[in-house]
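Order-wise, the sequence lines are chains A and B. 1 is the number of the first residue of the first sequence in my numbering; add one for each residue after it. 1001 is the number of the first residue of the second sequence in my numbering; add one for each residue after it. By construction, the Cβ of each residue, glycine as well, lies at the ideal position given by its N, Cα and C atoms. Only one structure is covered here, and it is reproduced in the block below.
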Amino acid sequence: MELVEVKKLQVELDAFAGRDVYLHLETTNGSYATHFNEGFFNAGAFIRNVVINYELGKVVGDSPHRVGLKLPHGWVYAQGITHYELDDQGRLLLAGHDGTGKLAVALQISETPFSY
Amino acid sequence: MTIPQERHVLVVFPHPDDEAFGVSGTITTHIKQGNPVTYACLTLGEMGRNLGNPPFATRESLPVIRKKELQASADAMGLTDLRMMGLRDKTIEFEDDEKMVGLMTDLIEELNPSKIVTFYPDFAVHPDHEATARAVVRAVRRMKDRPTLHCVAFANNTLEMLGQPDVVYDIREVRDQKMNSMKAHISQTAWMLEEMEHKLQQGDTETENWLTKERFYNYRWNEDFEKSF
Ligand SMILES: [Zn+2]
Chain A
1 MELVEVKKLQ VELDAFAGRD VYLHLETTNG SYATHFNEGF FNAGAFIRNV
51 VINYELGKVV GDSPHRVGLK LPHGWVYAQG ITHYELDDQG RLLLAGHDGT
101 GKLAVALQIS ETPFSY
Chain B
1001 MTIPQERHVL VVFPHPDDEA FGVSGTITTH IKQGNPVTYA CLTLGEMGRN
1051 LGNPPFATRE SLPVIRKKEL QASADAMGLT DLRMMGLRDK TIEFEDDEKM
1101 VGLMTDLIEE LNPSKIVTFY PDFAVHPDHE ATARAVVRAV RRMKDRPTLH
1151 CVAFANNTLE MLGQPDVVYD IREVRDQKMN SMKAHISQTA WMLEEMEHKL
1201 QQGDTETENW LTKERFYNYR WNEDFEKSF
């Protein structure tokens, strides 16, 4: 993965617009957050292999970035995006990694389903 | 305590690396004693958060890395019967409960283990650990001749609720294998191992203790975690 360069990532997001794509979206604090810090309110969400078709995709802001996808009837967005990669299977993988190297957020789109 | 001979040992955990910290010394010892050991690892730790910054992996490439690490850990312990059960990290508690019990029952019927090792229900911290422990306990509960059931517990309230572990094995003789099993999972354990080396160099007895002993609780059927299932 490389650090997000807004112009380059924008080109990749544009390329997937108007097509049916599989979505992976996740935010996480890790399952041990409350074990290490008992007062911590642990919340997160996960969705994988739901098909969407966005008409406009946009990356905004200084790093960490925000990325939003406008759908005919709704929205998908993620904040905290630091890195991206168009992988060897042509999937666009975006992720936010914190200072200790832990993933905090992921937003991925692909024309073929992600594995299980 | 010396580690007794077993007809067959079945170890069930959800994540690659669960075996390394808690039980790799015990597994290695059983193998050295000639006891067959099967490790059923339910997921590939697909949701691991340590991906580095700069990242060394992506959400999609991590399972490939962890699969190799799991095999390397098995090799370090001398374990030949490694089963990767194909579930997805962080989803086990959402699977059908009866299906999970069936998965465990199938393993038990095939292997006829005299000892099973897993987590202790309600004292296992991670939702996957808890779901795994529940499935194993439920499967064993239904058996007429129950095997020994040794559980790993590490929730913050373990000592308060369960007291001291009733099974403590000295694993000094296989310390190197245990170290190598932990090192095999380097993508997820690097920072932890670094901290450990540092503590060992300072002569920290708690850390040293942790590398020389492995602790288990016999499952308390008279204080079963649920009344019925
Ligand atoms: Zn685990």
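- Counting only runs of 4 or more residues that sit fully inside the stretch 1171-1197 of chain B, the alpha helix (DSSP H) segments are 1175-1184, in chain order.
- Measuring C-alpha to C-alpha distances from glycine 101 of chain A to each of A:Asn29, A:Asn37 and A:Arg91 identifies A:Asn29 as the nearest.
- Counting along the chain, lysine 1115 of chain B sits inside the beta strand (DSSP E) bounded by residues 1115-1119.
- Taking CB atoms only, valine 1167 of chain B has no neighbour in chain A less than 8 Å away.
- Within the stretch 14-65 of chain A, the complete alpha helix (DSSP H) segments at least 4 residues long are 33-36, listed from N- to C-terminus.
- One alpha carbon belongs to threonine 34 of chain A, the other to asparagine 1156 of chain B, and they sit about 10 Å apart.
- Neighbours of phenylalanine 114 of chain A across chain B, judged by C-beta separation under 9 Å: Arg1059 and Glu1060.
- Taking 9 Å as the Cβ-Cβ cut-off, the stretch 72-94 of chain A approaches chain B at Thr82, His83, Glu85, Asp87, Gln89, Arg91 and Leu93, given in chain order.
- Just measuring C-alpha positions, the residue of A:His97, A:Val59 and A:Glu26 sitting nearest glycine 44 of chain A is A:Glu26.
- Distance from the Cα of phenylalanine 1119 of chain B is smallest, within the candidate group B:Thr1105, B:Trp1191 and B:Ala1135, for B:Ala1135.
- Between threonine 82 of chain A and histidine 97 of chain A, the CB-CB gap stays under 8 Å.
- When C-alpha distances from isoleucine 1116 of chain B are compared across B:Phe1123, B:Leu1107 and B:Ala1124, the shortest belongs to B:Leu1107.
- Leucine 93 of chain A is bridged by DSSP to A:Glu85 and A:Gln108.
- Under the three-state reduction of DSSP output, threonine 1148 of chain B falls in the strand class.
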